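Numbering (the working numbering), first residue to last: 3 to 111. Every residue, glycine too, gets a C-beta built ideally from N, C-alpha and C. None of these values were measured; they are calculated from a predicted model.
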């Protein structure tokens, strides 16, 4: 009969806070007293937590870039600040697109 094993989230977050190299994660888990049979489960949980954090950062970047792009579009169309038209149209739009692309990188990496 197979044992259902759930890794402890607190231990996984504690290992992530140490920011070890990918190969050193196993050594850190062994130092914490995790049995060698459960290390693979902990490594998967650590990888999942790391990916969730990266994904949420990506969504925040995409939302910020989309908002900045929308703001740039509205300011360009309304011509609210005529003396800053070039900066808004070319600069702010370019920065917004770069932030959205950075967010896409974090999400799909």
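Identity of the residue in the options nearest residue i by Cα
i, options, result
"residue 22", "45, 38, 11", "45"
"residue 77", "63, 67, 95", "95"
"residue 101", "41, 111, 42, 70", "70"
"residue 11", "107, 25, 31", "31"
"residue 64", "97, 26, 93", "97"
"residue 55", "15, 7, 103", "15"
"residue 20", "52, 43, 110, 104", "52"
"residue 107", "88, 57, 92", "57"
"residue 103", "86, 68, 88", "68"
"residue 50", "72, 18, 40, 7", "18"
Cα-Cα separation between residue i and residue j, rounded to whole angstroms
i, j, result
"residue 75", "residue 61", "21 Å"
"residue 34", "residue 66", "39 Å"
"residue 28", "residue 59", "26 Å"
"residue 80", "residue 99", "20 Å"
"residue 36", "residue 25", "16 Å"
"residue 109", "residue 43", "23 Å"
"residue 38", "residue 111", "29 Å"
"residue 84", "residue 13", "56 Å"
"residue 72", "residue 86", "16 Å"
Extent of the continuous alpha helix (DSSP H) run through residue i
i, result
"residue 51", "41-80"
"residue 101", "95-110"
"residue 18", "11-20"
"residue 31", "27-33"
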